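Okay, so here's the structure we're looking at.
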Amino acid sequence: MIFIFFKNLFMDLYRQPLRTFLTLSGVVWGTFASVLLLAFGDGVSKSGKKSMHGMGEGIVIAWPGTTTISYKGITKGKAVRLTAEDVLLVKEKVPDILRISPEYIRSRRIRYNKEEYNNNIRGVNVEYQYMRNTIAQKGRFIDDPDVKNRRRVCFLGNTIAQNLFKDEDPLEKKVYVEGVPFMVVGVMVKKIQNSNYSGQRDEHCLFIPYTTFSTLYGQKYVSNVIIQPFPGQSVPVVANIREYLGNKIGFSPKDADALFIWDFTDLEKSLDIFFLAFNIFLGMIGSFTLMVGGVGVASIMLVVVEERLREIGVKLAVGAKRKQILRQFFSEALIIILMGGLIGFAFAALVLGVIPMEKIEDYVGHPQINVMVGIVTILILLAVGSIAGLMPARKAASTNPIEALRSR
Amino acid sequence: MIDMRNLKKVYKTGSIEFEALKGVFLKIEKGEFVSLMGPSGSGKSTLMNIIGCLDTPTGGSYYLEGRDVSGLTFDQLSEVRNQKVGFVFQSFNLLPYATAYENVELPMLYNGKKAPERRQRVDELLTMVGLYDWRKHRPTELSGGQQQRVAIARALAMDPPILLADEPTGNLDSKSGEEILDLFTSLWKAGRTILMVTHDTKIAAYSQRTVHILDGKMEADI
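Going line by line, the protein sequences match chains S and E. Heads up, the first sequence is in our numbering, so the first residue is 3 and it goes up one at a time. Heads up, the second sequence is in our numbering, so the first residue is 104 and it goes up one at a time.
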């Protein structure tokens with residue numbers, strides 16, 4: 003039964019190559035498009051999140067601003083200023099803060115031999131690396147003795163390191179910042195980061211101890227503060243920081259502009275929702291494409307049923323039940339669709355294998371066929387196949403054997 | 104074997120009713136070879152379809168091997184067709200993509216018989232109709248007479264008590280036709296009940312008894 007069924011199916015597909023090609027092509031193309039869309043959607047969401055983590059993971063950034071509400075007799079319009087000492091005290095006074103770092107930012111001329119660039123210098127502390135994911139690929143990040151002793155050491159972003167040193171090993175070498183020598187202690191590992199909250203992306207920056215920064219450039223007040231609350235605690239932590247610093251420095255805790263806060267954990271949540279919606283949207287486009295292919299299969303199968311009326315009549319006459327005929331034509335449609343799906347899947351895998359990933363990684367991440375993409379595609383294929391198979395199968399099963407046997 | 108009493112068939116098209124069978128009485132005993140004759144429009148095809156359980160009557164009773172089959176559903180009738188009736192058609196109605204072997208095997212596939220049993224039966228039947236050496240050929244590679252013999256082998260696959268033949272020689276040259284009729288005769292002599300539709304008295308002469316239908320009613324046996 004099974005054997006004669008497959009033989010019948012493949013003979014039919016083989017005898018009508020053009021029809022088979024056209025039928026399959028819709029499904030192949032639909033599957034191909036679906037898989038690619040889903041794979042790219044997945045790649046984009048992952049790289050979006052990764053790129054977000056390039057800026058930081060679960061962090062809150064605070065910028066001192068200007069008061070807009072009068073507070074304790076001081077009129078509005080006062081500039082809020084924070085010293086590094088203020089920042090470090092926050093961690094002791096406000097509960098649920100995991101890490102905190104002051105940050106000074108300036109542009110400076112950075113030179114090594116004849117290569118010179120005007121890039122960002124960031125004065126930070128040790129905990130900064132864990133919050134901002136500035137992980138060392140070579141050497142190390144700035145450490146406690148560096149900060150304590152105001153050492154003139156620096157940690158390089160991977161791009162500036164490449165630009166300055168080319169093929170040379172930068173470790174232990176001296177770079178000159180406005181003529182002042184700094185020893186390179188580490189180079190950052192490459193990370194995906196599309197933007198930064200202020201200044202250049204980390205790959206172009208030079209990180210030095212904040213103590214060295216403020217001493218060297220005579221800068222007392224920090225540019226901004228990076229805070230990492232315990233997971234899920236960002237809202238109370240932000241309120242408590244406003245309360246504490248407001249009291250200490252003199253601004254209203256309700257004054258949003260006195261201390262401008264950017265809560266990344268919030269952003270991350272909305273990003274998750276956005277990417278979910280984005281992927282559902284892509285999945286829908288894919289399934290619509292596939293549905294068009296399914297309509298093709300359904301209409302061809304209807305023609306096939308018409309052509310094979312006599313065969314159906316003979317089968318009914320020798321004792322086939324209607325549900326057996328239904329099953330036969332239903333599985334034929336389903337097999338055509340699954341076959342097309344398999345080919346489309348193979349094509350998509352081939353294309354994803356051929357695309358030079360390094361060139362697109364910064365924009366769309368690493369699109370690949372993972373379990374999620376596979377399961378979603380198979381579900382869509384089965385759904386489309388069932389719908390496309392049922393119609394012709396019902397038509398076949400409702401054949402009147404008397405008329406079918408009489409047909410020429 | 105076949106016992107029809109006051110069998111009626113009325114076709115309805117909208118409000119128009121057409122009475123194709125107006126109370127048919129027909130009795131065929133086991134082991135008979137009967138010819139059914141009648142002009143076109145006489146209700147001959149309708150009667151054959153009902154006898155073959157492809158269609159159901161709208162009135163009267165039809166006993167096949169002692170069982171009333173007039174009230175069965177289509178799928179219940181499928182089983183009756185599979186086990187009790189063997190069809191032989193004027194245009195053979197073999198599956199074009201299947202070999203002679205597979206065509207003969209077909210009714211057994213719908214009955215869930217095991218492969219060794221099917222193989223034995225198919226080989227036996229093809230040997231009987233003299234086409235064992237042609238078992239791997241498709242219908243298009245066979246002559247008309249050979250195709251009809253494959254069809255007869257298929258009709259006998261489930262060893263049904265009755266064989267229904269609708270103008271079995273209509274598409275054949277006279278020599279092949281004679282061969283087919285000789286085959287029927289030998290089947291009959293071996294104990295099979297056969298009902299054959301024909302419009303040719305020479306062909307009807309092969310049978311033991313001829314019944315006539317006219318305007319939806321049986322005429323007296325001749």
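Even glycine gets a Cβ: it sits at the ideal position worked out from N, Cα and C. Here the structure is a predicted model, which is why all the values come from computation and not from measurement.
Taking only beta-carbon positions, decide if residue i is within less than 7 Å of chain E.
i, result
"S/G321", "yes"
"S/M334", "A small fix is needed here, since residue 334 of chain S is Glu in this sequence, not Met. Not one chain E Cβ lies under 7 Å of S/E334."
"S/V306", "no"
"S/V316", "yes"
Given that residue i touches chain S, what residues does it touch there, using C-beta distances under 7 Å?
i, result
"E/D158", "I404"
"E/N274", "Those do not exist, as E/N274 stays about 12 Å from chain S at its closest Cβ, beyond 7 Å."
"E/R312", "Within 7 Å Cβ-Cβ: nothing; E/R312 doesn't reach chain S, min ~25 Å."
Mind pulling the chain S residues with CB within less than 9 Å of residue i?
i, result
"E/Y204", "Near E/Y204 there are no residues of chain S at all, since even the closest Cβ is about 10 Å away, more than 9 Å."
Just mark residue i as buried or exposed, buried being the case when its beta carbon has 16 or more other beta carbons within 10 Å.
i, result
"S/V356", "exposed"
"S/A399", "buried"
"S/G45", "buried"
"E/I325", "Unreliable placement is indicated for E/I325, whose pLDDT of 49 sits below 50; the coordinate value is still reported in the next sentence. Per the 10 Å Cβ criterion, exposed."
"E/G294", "exposed"
"S/A319", "buried"
"S/A241", "exposed"
"S/D169", "exposed"
"S/V43", "Note that residue 43 of chain S is Gly in the sequence shown, not Val. Buried, since its Cβ has 16 or more Cβ neighbours within 10 Å."
"E/V314", "buried"
"S/D146", "exposed"
"E/A218", "exposed"
"E/F128", "exposed"
"S/P97", "exposed"
"S/V306", "buried"
Does residue i have its Cβ less than 7 Å from a Cβ in chain S?
i, result
"E/Y166", "no"
"E/I325", "Reliability fails at E/I325, whose pLDDT of 49 lies under 50, so the model's placement of it is uncertain and no value is given."
"E/Y235", "no"
"E/S181", "yes"
"E/P210", "yes"
"E/Y213", "yes"
"E/N109", "no"
"E/R184", "yes"
Considering residue i, what are the terminal residues of the alpha helix (DSSP H) in which it resides?
i, result
"S/N165", "160-167"
"S/P403", "403-408"
"S/Q330", "324-356"
Mind listing the chain E neighbours of residue i? Cutoff is C-beta to C-beta under 7 Å, in chain order.
i, result
"S/E313", "L198"
"S/L407", "F192, N196"
List the residues of chain E that residue i touches, going by C-beta distances under 9 Å, in chain order.
i, result
"S/R324", "F177, D178, S181"
What span of residues does the beta strand (DSSP E) with residue i cover, start to end?
i, result
"E/S164", "162-167"
"E/I105", "105-116"
"E/M140", "136-140"
"S/P211", "208-211"
"E/L129", "119-131"
"S/G391", "That residue, S/G391, is in no beta strand (DSSP E); its alpha helix (DSSP H) goes 373-399."
"E/Y200", "E/Y200 -> no beta strand (DSSP E), and no H or E assigned at all."
"S/A138", "138-141"
"S/M185", "182-190"
Could you list which residues in chain S have their beta carbon closer than 8 Å to that of residue i, in chain order?
i, result
"E/N152", "I404"
"E/R257", "V320"
Can you list the beta strand (DSSP E) stretches of 3 or more residues lying completely in the segment 270-315 of chain E, in chain order? Listed in chain order, they are 296-300.
Could you pull out every unbroken beta strand (DSSP E) segment of at least 3 residues lying fully inside the segment 35-121 of chain S, listed in chain order? Segments of the beta strand (DSSP E) lying fully in the segment 35-121 of chain S: 62-66, 99-114.
Alpha helix (DSSP H) segments (min. 4 residues) lying fully within the segment 209-242 of chain S: Positions of the alpha helix (DSSP H) runs, each at least 4 residues long and wholly inside the segment 209-242 of chain S, are given as 212-219 in order along the chain.
Inside the segment 274-327 of chain S only - beta strand (DSSP E) runs reaching at least 3 residues: For the segment 274-327 of chain S, not one full-length beta strand (DSSP E) segment reaches 3 residues or more.
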